[in-house]
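Here the structure comes first, spelled out in structure tokens, and everything after it is commentary.
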Amino acid sequence: MKPNLPLVSVVVTTRNRPRLFAKALKSVQTQTYPRLEIIVVDDASRPGVQSQVIRSFNPPVKYLRNTRNRGLAYSRNLGLKHSRGKYAAFLDDDDTWEPQKIALQVELARKSPNVAVISCAQTVFKTSGQVYINHPVVQGRIKEAIVSGRFGTVPSSNLFSRSALIQVGGFDIRLTSHIDYDIWMKLAQLGLSADYLDQPLVNTHDRGLPRMTADYTSRLAATDRYLSKWTPVWQSWIGVTATRIYLRRYYTYVVGWLAEEQFKRGKIGKGMTCLALIIRRYPTNITGLFIIPARCLALFCLRWIYLTFPVPRRFRLFTV
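Heads up: the sequence shown begins at 1 in full-length UniProt numbering, then just goes up one per residue.
Given below as structure tokens:
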């Protein structure tokens with residue numbers, strides 16, 4: 001143990017996924033960085049599900065449990081409230097870290113003491129067997145990255161200055177999605193900066209539709225709430241016309257993606273609802289009128305092919 005090194009608080013959020021949670025927690029406990037405070041926030045899992053996993057690990061972790069399902073933002077804030085570290089990192093229970101992740105990020109953070117967040121690259125493992133690297137590069141002023149359209153984030157990749165998170169009031173519990181984009185917007189408003197480590201230190205397995213998209217109504221409502229919240233800020237940064245274009249692209253991308261996910265799973269009614277929302281809001285948008293519906297139709301046809309013929313898994317674009 002090296003007491004001169006800054007303490008890092010790691011908050012692992014989980015709900016009813018003990019097998020995935022065990023892998024995530026193990027990736028934290030195998031970190032090469034010696035000064036970690038591990039906090040697990042259980043978002044009202046079934047009794048005994050996650051606690052069995054926690055008891056099997058050594059050294060012990062701080063275990064916090066919500067009495068009812070409160071959502072990701074609330075759970076992260078609870079972990080942040082009980083943390084003591086100079087830095088805070090958040091790990092979703094379906095992701096894992098490479099052993100040197102925290103050590104390398106702290107090393108970079110200590111060289112850049114005025115930086116509010118350090119991110120890194122991500123390895124994505126598709127169900128088809130394909131693997132690709134995601135590079136969400138944000139360096140320098142966060143606001144400049146957002147304004148220039150060069151902004152991207154991977155939730156489990158970030159090492160935050162804990163004091164910066166507290167300064168902006170933590171995560172917005174009114175949002176059920178867009179939580180990570182929202183926290184970066186808060187940091188950008190304060191004129192804070194970020195740095196980036198171009199190494200794939202986070203592993204994400206694409207297991208199909210994320211749980212938060214299963215309730216697509218909640219996802220749609222959160223999208224509207226997030227965009228309404230930040231529209232005045234974007235207008236002050238880039239002007240009314242550019243903001244209107246940005247909102248159209250963002251909404252079309254998010255709701256269009258959600259429509260495609262519904263068609264992949266044969267949920268035509270929900271998929272059509274998403275398409276109708278895009279067309280109703282932006283009736284002259286070529287992407288919403290033609291491109292996304294065409295992709296949805298293609299995905300639905302692929303689903304039929306996968307269910308009808310023995311297509312090898314390695315040749316499938318998604319699971320059914």
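C-beta: ideal position from N, C-alpha, C; glycine also.
Assumed close pair residue i, residue j - CB separation to whole angstroms, cut-off 8 Å
i, j, result
"residue 117", "residue 158", "5 Å"
"residue 186", "residue 202", "The pair is not a contact, with the Cβ atoms about 22 Å apart (cut-off 8 Å)."
"residue 179", "residue 73", "5 Å"
"residue 8", "residue 89", "6 Å"
"residue 206", "residue 156", "Residue 206 to residue 156, Cβ: 14 Å. No contact."
"residue 26", "residue 40", "No, residue 26 and residue 40 are not in contact; Cβ-Cβ is about 12 Å, not under 8 Å."
"residue 77", "residue 173", "7 Å"
"residue 194", "residue 142", "5 Å"
"residue 42", "residue 65", "4 Å"
"residue 247", "residue 231", "7 Å"
"residue 87", "residue 151", "Going by Cβ atoms, the distance from residue 87 to residue 151 rounds to 21 Å, so no, they are not a contact pair."
"residue 12", "residue 28", "6 Å"
"residue 313", "residue 128", "7 Å"
Exposure of residue i, with buried meaning 16 or more beta-carbon neighbours within 10 Å
i, result
"residue 299", "buried"
"residue 264", "buried"
"residue 24", "buried"
"residue 68", "exposed"
"residue 307", "exposed"
"residue 297", "exposed"
"residue 190", "exposed"
"residue 162", "buried"
"residue 71", "buried"
"residue 105", "buried"
"residue 303", "buried"
"residue 322", "A query on residue 322 cannot be resolved here, the shown segment of the chain reaching from 1 to 320 and no further."
"residue 140", "exposed"
"residue 315", "exposed"
"residue 94", "buried"
"residue 79", "buried"
Cross-strand partners of residue i (DSSP beta bridge)
i, result
"residue 97", "202"
"residue 181", "Looking at the DSSP assignment, residue 181 forms no beta bridge with any residue, so it has no partner."
"residue 92", "13"
"residue 141", "193"
"residue 62", "39"
"residue 121", "200"
"residue 87", "8 and 161"
"residue 115", "193"
Cutoff 7 Å; reference residue i; Cβ partners in own chain excluding five residues on either side
i, result
"residue 147", "237 and 238"
"residue 212", "Caution is warranted here: a pLDDT of 40 is assigned to residue 212, below 50, making its placement in the model unreliable, and the coordinate value is therefore given only provisionally. Result list for residue 212: 176, 177 and 219, in chain order."
"residue 84", "7, 9 and 37"
"residue 134", "121, 122, 124 and 154"
"residue 320", "303, 306 and 307"
Sequence-distant residues of its chain with Cβ nearer than 6 Å to residue i (five each side left out)
i, result
"residue 100", "32"
"residue 4", "none"
"residue 209", "With a pLDDT of 46 at residue 209, under the threshold of 50, the predicted position of this residue should be treated as unreliable, though the coordinate-derived value follows. Around residue 209: 261."
"residue 137", "196"
"residue 235", "243"
"residue 102", "8, 31 and 33"
"residue 132", "124"
"residue 318", "264"
"residue 22", "53"
Close beta carbons around residue i, own chain, < 8 Å, minus the five adjacent residues each side
i, result
"residue 251", "223, 227, 278, 281 and 282"
"residue 292", "252, 256, 259, 260, 275 and 278"
"residue 82", "39, 62 and 64"
Quiz prompt | Unbroken stretches of the alpha helix (DSSP H), 4 residues or longer, contained in the segment 215-292 | solution = You should have 216-238, 240-264 and 268-281.
Quiz item: Which full runs of the beta strand (DSSP E) of 3+ residues lie inside the segment 129-175, going along the chain?
Solution: Taken in chain order, the whole beta strand (DSSP E) runs of length 3 or more contained in the segment 129-175 are 131-134 and 159-161.
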